[in-house]
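Q: Quick note: the sequence shown uses this note's numbering, first residue 151, plus one each step.
Take a look at this one; I'll ask things after.
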Amino acid sequence: MSRALVTGGAGFLGRNLSARLIAEGYEVVVLDDMSSPSPLGAHEDATVVEGSVVEPPPLPGPFDRIYHLASPASPPRYLLDPIGTLRTGAEGTRQMLDLAEREGSRFLLASTSEVYGDPTQHPQSEDYPGSVEVTSTRACYDEAKRYAEAVTYAYHRQGRVPEIRVVRIFNTYGPGMAPNDGRVVSNFITQALQGRPLSLHGDGSQTRSFCYVDDLIDGIWLLSNSDVTVPVNIGSAEEMSMKDLADRVVEALGDTGIEHHPLPESDPVRRRPDLTRARELLGWEPGVSLEMGLPPTMEYFKSVLDA
Ligand SMILES: NC(=O)c1ccc[n+]([C@@H]2O[C@H](COP(=O)([O-])OP(=O)(O)OC[C@H]3O[C@@H](n4cnc5c(N)ncnc54)[C@H](O)[C@@H]3O)[C@@H](O)[C@H]2O)c1
151 MSRALVTGGA
161 GFLGRNLSAR
171 LIAEGYEVVV
181 LDDMSSPSPL
191 GAHEDATVVE
201 GSVVEPPPLP
211 GPFDRIYHLA
221 SPASPPRYLL
231 DPIGTLRTGA
241 EGTRQMLDLA
251 EREGSRFLLA
261 STSEVYGDPT
271 QHPQSEDYPG
281 SVEVTSTRAC
291 YDEAKRYAEA
301 VTYAYHRQGR
311 VPEIRVVRIF
321 NTYGPGMAPN
331 DGRVVSNFIT
341 QALQGRPLSL
351 HGDGSQTRSF
361 CYVDDLIDGI
371 WLLSNSDVTV
381 PVNIGSAEEM
391 SMKDLADRVV
401 EALGDTGIEH
411 HPLPESDPVR
421 RRPDLTRARE
431 LLGWEPGVSL
441 EMGLPPTMEY
451 FKSVLDA
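Right under this line is the structure:
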């Protein structure tokens, strides 16, 4: 049986990815420090090792594949511990590359659209070098992921980890998210369900594109089975303003009011992936619209808040 290590496997995406790997016949080992687990935790059929990728404990290999997802992922989480965020992206990624080298594993890095910073190109294609303000508070995450990509390509070029894959994930939502992770979809839905006003930052005209988790996991699965070693954007091309997203939530769950907050520092104004590479190299296309993906996500949050 093939074996995979999923770092960050107790988190939102790691749990969903583990479920897919197990369904595809993999034995899954999860390495997670439990700093921001999903309310659902790691997959029941995975072997869980608690510890950090920065100083990894002994792990029950061998591993055919390493899916490296461990990282604080939402601004409130990574801003709590900027140095820890940088260490996880830098030292943690190096540790996992060393492990991939020892094990001869295929290595997939979960990178992010944040490598593009506050982009001056729209939509963002993978060859856009990005526009990150290195002295901004958010840089701890953006630069950690940029370094993680750079060190992954360095191991690849030196022939130490020949099989690498890099996915640049754009905002993803769906069942498994933590209600308190501070991301806009979880914020709006939990606020509406709890009868609280939705926190809208700035004038709400800033845009994002939201990818349903099943689409993202399909993209990661296809990428990890392909021979594509260049970075690939995976996300939704359905761009919408935060005000429009708030309106959708109000329409579905009722009007609990809007509370205005200042726009966070270096918050990107627009964000939408150019998906040409994913289409051409992987034959991947997002299939779940926000209209289809929001209801199961709202049901999930209801069940978590009622538990
Ligand atoms: N969800 C998104 O929209 C999105 C967008 C872009 C990139 N990503 C990337 O995808 C990955 C998974 O994100 P997610 O949304 O599932 O976040 P999440 O917070 O739900 O999961 C991350 C998991 O990593 C664990 N973790 C954090 N630091 C660790 C460390 N040092 N050692 C071991 N485990 C550690 C946490 O406990 C958590 O279980 C992250 O690398 C994130 O940067 C996610």
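Ideal Cβ placement from N, Cα and C applies to all residues, glycine included.
Compute the distance between the beta-carbons of Y176 and A154, then report whether it is under 7 angstroms.
A: In the sequence shown, the residue the question calls residue 176 occupies position 26. In the sequence shown, the residue the question calls residue 154 occupies position 4. Yes.
Q: Which ranges would you report for the beta strand (DSSP E) in the region 307-359 if only whole runs of at least 3 residues count?
A: You should have 314-319, 348-351, 357-359.
Q: Hey, could you find the ends of the beta strand (DSSP E) F257 is sitting in?
A: One-based indexing of the sequence shown puts residue 257 at position 107. Counting along the chain, the beta strand (DSSP E) containing F257 begins and ends at 256-262.
Q: Strictly by DSSP, which residues pair up with G267?
A: Taking the first residue of the sequence shown as position 1, residue 267 is located at position 117. Its beta-bridge partners are S281.
Q: Evaluate T270 with the Cβ neighbour count: other Cβ atoms within 10 Å of its Cβ, from every protein chain shown; 16 or more gives buried, anything less gives exposed.
A: In the sequence shown, the residue the question calls residue 270 occupies position 120. Exposed: under 16 other Cβ atoms inside 10 Å.
Q: Can you check whether the CB of R170 is closer than 7 angstroms to the CB of V204?
A: As a position in the sequence shown, residue 204 is number 54, starting the count at 1. As a position in the sequence shown, residue 170 is number 20, starting the count at 1. No, they are not a contact pair.
Q: Would you identify the three-state DSSP class for L440, choosing helix, strand or coil?
A: The residue you call residue 440 lines up with position 290 of the sequence shown. Helix.
Q: Is it buried or exposed for A298, if we count other Cβ within 10 angstroms and need 16 for buried?
A: Stepping through the sequence shown from its first residue, residue 298 is reached at position 148. Looking at its Cβ environment, which holds 16 or more other Cβ atoms inside 10 Å, A298 is buried.
Q: What do you reckon, are the CB atoms on P325 and T340 nearer than 7 angstroms?
A: Translated into positions along the sequence shown, residue 325 becomes position 175. Translated into positions along the sequence shown, residue 340 becomes position 190. Result no, Cβ atoms of P325 and T340 do not sit closer than 7 angstroms.
Q: So if DSSP puts N166 in a beta bridge, which residue, or which two residues, is it bridged to?
A: By one-based count along the sequence shown, residue 166 stands at place 16. Paired residues: none, contrary to the question.
Q: For L190, which residues of its own chain have a beta-carbon under 7 angstroms away from its beta-carbon, when the five flanking residues on both sides are left out?
A: Numbered from its first residue, the sequence shown carries residue 190 at position 40. Counting only Cβ-Cβ distances below 7 angstroms, and skipping sequence neighbours, we find R165, G326.
Q: With distance defined between alpha-carbon atoms, name the residue in G234, S391, V378 nearest to H351.
A: The residue labelled residue 351 in the question sits at position 201 within the sequence shown. Nearest option by C-alpha distance: S391.
Q: Taking M479 as part of the alpha helix (DSSP H), name the residues at either end of that continuous run.
A: Because the chain is modelled from 151 through 457, residue 479 falls outside the range shown and cannot be assessed.
Q: Within a Cβ cutoff of 8 angstroms, which residues of the same chain sit near L372, ignoring the five residues on either side of it in sequence?
A: Position 222 of the sequence shown holds residue 372. Within the same chain, L372 has close Cβ partners L432, G433, W434.
Q: At a cut-off of 6 angstroms, is M246 close to ligand 1 when judged by its beta-carbon and the heavy atoms of the ligand?
A: Position 96 of the sequence shown, counted from the start, is the residue given in the question as residue 246. M246: no, Cβ never under 6 angstroms from ligand 1.
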